[in-house]
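Written out below as structure tokens is the structure these notes cover.
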Amino acid sequence: MKKGEVYKGFEVIDIKKIPGCASKGVYLIHKESGLEVFHLVNKDPENLFAFAFNTPSKDSTGAAHVLEHSVLCGSKKYPLKDPFLQLANQSINTYLNAYTASDRTVFPASSPEKSDYFNLMSVYADAVFFPLLKEEIFSQECCRVEYDEKNTPSLQGVVYNEMKGVYSSFDSVVSSEDESSLSRGTIYEYDSGGNPFVIPTLTHKALKAFHKKYYCTSNCRVFLYGNIPTEEQLDFLYENVIARCRSYGKPAVMKSVIRKTPAEHFVEAYGPCEENSDKKSVSNINWKISEEDFRKDISRISLEVMFLSDLLWGDDCAPVTKALLESGLGDDISHQSGVDVNRLEPVITLGMCGVQKEKAPEVRKLILKVLEDVCRNGISKGDYERAVMGFEVANREVLRFNGPYSLVLMRRSLRGWCYGEKPWTTLMFADEFDRLKKRAAADKNYITSLIKKYFLDNPDWSFVVTTPSLEWNSNRDSIEKKLLKERIAQSTVPELKAELKKMYDFQNAPVPEKARNCIPHLKVSSLKKIDDRIDTKHTLVDGIPLFTNEENTNGITYADIWFPADVLKSSYYPYLPLFCECIVQCGWKDVDWNDALLKIQRTMGSLSFTTKASAVPECSSQLAREEPLTVGREWLCMRFKFLSEYAAQSFEIVKDCICRTDFSDTERIKTIINAVYANAASSIVSGAHVYAAMRSSCTDSRNGAVNEIWQGITQVFTLKKIMKEGEAGVAKKFRKIFSAIKKGGCLIHITSDSDGLESVKKLLPSFIKRSALVPLKKKRNIKDGKFYKLTELPGKNCAGSETALYDEVVIIPGTVGYASTNIKCSPYDTKEAMEDCVLTHYLETTDLWKKIRTEGGAYGVFFSANSISGYSKFGTYRDPKPFLSIDTFRKYLEEIGSKEIDAVDVEKSITGTYSAEIEPKSPATRGMTGIFRELYGFSGEQKLRRLEWLLKITPEDLRNAALRFEAAPRKGKTVVFTSKTLLSDKIEKKSGKIITLPL
């Protein structure tokens, strides 16, 4: 295609080379319909598309969010109740989702298979442009009055419950208060996701009007990525969208200010609180960049404020963060600190958490003082080089985080494109960064001028102090009860029950045979047996095992040094996560922590210490016995990455860290303890489903116990205990731990391209000698029971272990819950294991989804077979009825043996399971997968066998799997994380132990 060419009404506006992602960008506009298309054309077979609509909010009903859910619940071509779910079940997608941002709604999906890709695009295109938007779906997804078995009414709905979960998180409320403080009188004043107090006022009529206004071709931007020819994609869009549209609509008017409202500089706000909370505040300064200024140069301003964020508070050694941490005014820099440039009026936030409310003004004064000092004295060379190195590595690195790298490119493109810029304007990251460096080199006052412009001289600012409050909790409860009464008063009880029955009848109605298979799916015969073997080479360097993976890393080297943790006494295990945090952040003997950290950041992309543990599959137990020094151990992994030209300097720093760290700076250790505890405490609500899953497995195996000790809520209790011990005692323990693990030996693993590997190999003999590294020693013989003992938590004992239906109930802030329980499944390297995978995938996306999400109102439901650990895990997310969900799951298992799954559904589920087995990996992930396989007894041959078994599964195989599940014993614990409001006396009597977190 050439600039100016017209193809089926699409005019090629421009074609640009996009060097940062090895792509050619083709920008087209369909002149009649207004549909805009941007295609990043390259050789990548993992193609991605996204439909993006500008959806500015005029209230907090969550219309954009409810619509995002509802359009995926049936369309003209696909008149199903859950076509999205069918795609999840039967597609080999590598990403399938939708999200509502502050002023846009985006529907992305990706697949490595061309025909599957167009199946996905067909369903998504029909969903967004031609949805059915039935009243029953509106009741299901938005909000309704529901009656339980006792005839007690309550407000329910998928989006309603999701947002109740969001508003249950103190950090989420803080973020909302910060943003709204600068957004009064703008479209960002409203919560696009919906405020639970306002969601019930949304009407079906208003939802349909919102769709008509915003989901039109004139307001749509289609982002494409990959190797499918542009012409084929345009053919599809013309035939399936443009040719079928009766009206093309109008583009949304993207103007942030809707009315003039005087700014309020000082705001006092409140958020959710637990009874035993210390009620410490989060104190944040927020600055806003006006739409008028932002539109002058979106790309430049976006990069400048992101760079300033990294420069000034992106690390503990950054000037503002260092001053805040050393002040003792709070626990850590606030979790909201950062930059949001994905809106017309970008907001910069900086502050501190864990602050006594009366000391909050001092936080603001200190931040401004540091910024003034930096402007007066200039930014140091070290700080500038630290920030530059972080950006350089980020620009070269290709990462997958919950999806393909093309998602990152999509978000960058939409950042400017949605506001009228060319789609590549905010995509040319490297070019914009080069211009920033040139400006900094040419003008010594450039950086300080930015600090004055965006911070000190910026008139649009607010200082928000948000404090946990029990009164806030009770007020929310009172308002919810009032909303329920108002909703009931608007109708009669018979009318509400009739509406509810109509929804349930719709949910339970069988799908007509013709419609059931209306979404095309790949045949199993077309799925390829992809060889996932990773070539990990193994040798010895001075007795130290060296594992290497040669990958195309774009000039970045990833190195890990693995020290066995299992040479330690079990009593040291709870301290290891904090030990890992401290070891690279406490300095080295005569080198201050700030100087040491600055040296690390100026030279490397990152340096971290983490705990690592996994179960060894049953099929590799013999290997673990034959190679006890490397296979099946618990590890502390020192991981670092750097531009390959910095190899010598990077290994020199790591040598200093290994040889000279002495934990003598106890004041710094105290600061880290407070920060780590604050981070752990703030993650409880948002990650409760993960914590519940770990907790449910902690008494089933040593590996389950160790992971709970290191990463579960047990660690929150440990941190609280450590805070009482005192930092001097902790430092003494750390010195003993470090001495013991260094004596326990290590192995080294490197992932890089051929030049990077050769460079590192030359450095290793000297590095090993000067770091005094020694060969691996055998693990300490410790009985598993000692680790189980370490997972025991204090709580109120209720029902006995024999009669308890829920082994543990963990009380968390909020109004929703999270449930987890396990049953036994088949061993990893067996055909039965793959049958279990297909069955759990099928049930998660069909029956359990219907019972737990559609009917029960939970935002999410999970069921997956973990054949490595030997159990299948069931869980729920943002669940208004977590205890009922457990009961429903157990009852369902009692009947599963009679479940009939026809050949078509089996084929679809095989395809959906196949997707997870063949997901592409980034170079860094391939390297880490390579060493992980070596250390825990996995192989590419096993993966290939699993694929072969998967592709041969029959309906009879799934019937056998269902019978196994029906007879399968429970494994581990049944755990429910829940708000106190969901814990009735009746449920408490059925619970083994009630645990209150030390928050």
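In my numbering, the protein residues as written are 7 to 1005. Built from N, CA and C at the ideal position, the CB exists for glycine as well. Here the structure is a predicted model, which means the values were calculated and not measured.
(request) Determine the extent of the beta strand (DSSP E) in which Val345 is found, giving its start and end residues. (result) Gly344 to Asp346
(message) For Gly863 and Pro202, I'd like the C-alpha separation in whole angstroms.
(response) 14 Å
(message) Let's see if you can read the secondary structure: which residues bound the alpha helix (DSSP H) around Phe176?
(response) Phe176 to Ser187
(message) Are the CB atoms of Gly171 and Arg884 within a distance shorter than 7 Å?
(response) yes
(message) In chain order, what are the residue ranges of uninterrupted beta strand (DSSP E) at least 3 long that sit wholly in the region 869-928?
(response) Whole beta strand (DSSP E) segments, 3+ residues: 877-883.
(request) Using DSSP bridges, identify the partner residues of Glu291. (result) Residue identity check: residue 291 is Ile in the sequence provided, not Glu. DSSP, once it has assigned bridges, lists Leu356 and Phe469 as partnering Ile291.
(request) Starting from Asn828, follow its DSSP beta bridges and name the residues at the other end. (result) According to DSSP, Asn828 bridges with Lys879 and Lys977.
(message) I'd like to know whether the C-beta atoms of Thr617 and Gln655 end up nearer to each other than 7 Å.
(response) A distance of 7 Å or more separates the beta carbons of Thr617 and Gln655.
(request) Kindly list the residues whose CB is nearer than 6 Å to the CB of Lys4, restricted to its own chain and excluding five residues on each side of it in sequence; keep chain order. (result) Residue 4 lies beyond the range of the chain shown here (7 to 1005); nothing can be said about it.
(request) Please check the pair Ser921 and Ile98, which I expect to be a contact at CB under 8 Å, by giving their CB distance rounded to whole angstroms. (result) 4 Å
(message) If the criterion is Cβ atoms closer than 7 Å, does the pair Val47 and Leu34 meet it?
(response) no
(message) Count Cβ pairs between the region 875-893 and the region 812-822 that sit closer than 8 Å; are there 3 or more?
(response) When Cβ pairs closer than 8 Å are counted between the two stretches, the region 875-893 is seen to touch the region 812-822, the count reaching three or more.
(message) At a cut-off of 6 Å, would you count Leu86 as near the ligand SAH, judging by its Cβ distance to the nearest heavy atom?
(response) Judged by which ligands are present, the structure shown has none, so any question about the ligand SAH falls away.
(request) Would you list the one or two residues that DSSP bridges to Asp440? (result) According to DSSP, Asp440 bridges with nothing at all.
(request) Could you tell me the distance, in whole angstroms, from the CA atom of Lys977 to the CA atom of Glu814? (result) If you take the alpha carbons of Lys977 and Glu814, they lie about 14 Å apart.
(message) Helix, strand or coil, according to DSSP, for Gly549 in the structure here?
(response) coil
(message) Output needed for Asn600: all residues of its chain with C-beta closer than 7 Å, excluding positions within five of it in sequence on either side, in chain order.
(response) Cys323 and Lys328
(message) Please classify Arg674 as buried or exposed, where buried requires at least 16 other C-beta atoms within 10 Å of its C-beta.
(response) So Arg674 counts as buried.
(message) Do Leu335 and Val380 count as a contact pair if the criterion is CB distance below 7 Å?
(response) no
(request) Figure out for me which residue from Glu850, Phe793 and Ser878 has the closest Cα to the Cα of Ser832. (result) Ser878 is the residue among Glu850, Phe793 and Ser878 whose C-alpha sits nearest the C-alpha of Ser832.
(request) Give the DSSP-derived three-state secondary structure of Ile21 in the structure shown. (result) strand
(request) Please name the residue, chosen from Asp963, Ala973, Thr223 and Trp641, that lies closest to Gly751 on a Cα-to-Cα basis. (result) Trp641
(message) Taking 7 Å as the limit between beta carbons, can you name the residues of its chain near Thr724, skipping five residues before and five after?
(response) Pro580
(message) Quick check on Leu240: buried or exposed, where buried means 16 or more other Cβ atoms within 10 Å of its Cβ?
(response) Under the 10 Å beta carbon count, Leu240 is surrounded by 16 or more other beta carbons and is classified as buried.
(message) With a threshold of 7 Å between beta-carbons, can Arg965 be considered close to chain B, or not?
(response) Absent from the structure: chain B. Only one protein chain is present.
(request) Would you mind reading off the limits of the alpha helix (DSSP H) that contains Phe740? (result) Glu733 to Lys749
(request) Pick out the complete alpha helix (DSSP H) segments inside the region 457-545, 4 residues or longer, and give them in chain order. (result) Fully enclosed alpha helix (DSSP H) runs of 4 or longer: 476-495, 499-514 and 519-522.
(request) Scan the region 590-650 and note each continuous beta strand (DSSP E) run of 3 residues or more that stays entirely inside, going in chain order. (result) 612-618 and 641-649
(request) Out of Tyr194, Lys363, Leu330 and Val347, state which residue places its alpha-carbon closest to the alpha-carbon of Glu274. (result) Lys363
(message) What does the Cβ neighbour count give for Phe469, buried or exposed, with the cut at 16 atoms within 10 Å?
(response) buried
(message) My output table needs one value for Glu850: the three-state DSSP class, helix, strand or coil.
(response) Three-state DSSP puts Glu850 in a helix.
(request) Could you pull the start and end residues of the alpha helix (DSSP H) that Gln655 belongs to? (result) Ala653 to Arg666
(request) Starting from Asn125, trace the alpha helix (DSSP H) both ways and give me its first and last residue. (result) Lys120 to Phe135
(request) Using alpha carbons as the reference points, say which of Gly998, Ala974 and Lys986 lies closest to Thr980. (result) Gly998
(message) At the level of alpha carbons, what is the spacing between Phe944 and Ser627?
(response) Their backbone Cα atoms lie some 11 Å apart in a straight line.
(request) Compare the C-alpha of Ala699 against each of Phe971, Ile606 and Asn828 and name the closest. (result) Asn828
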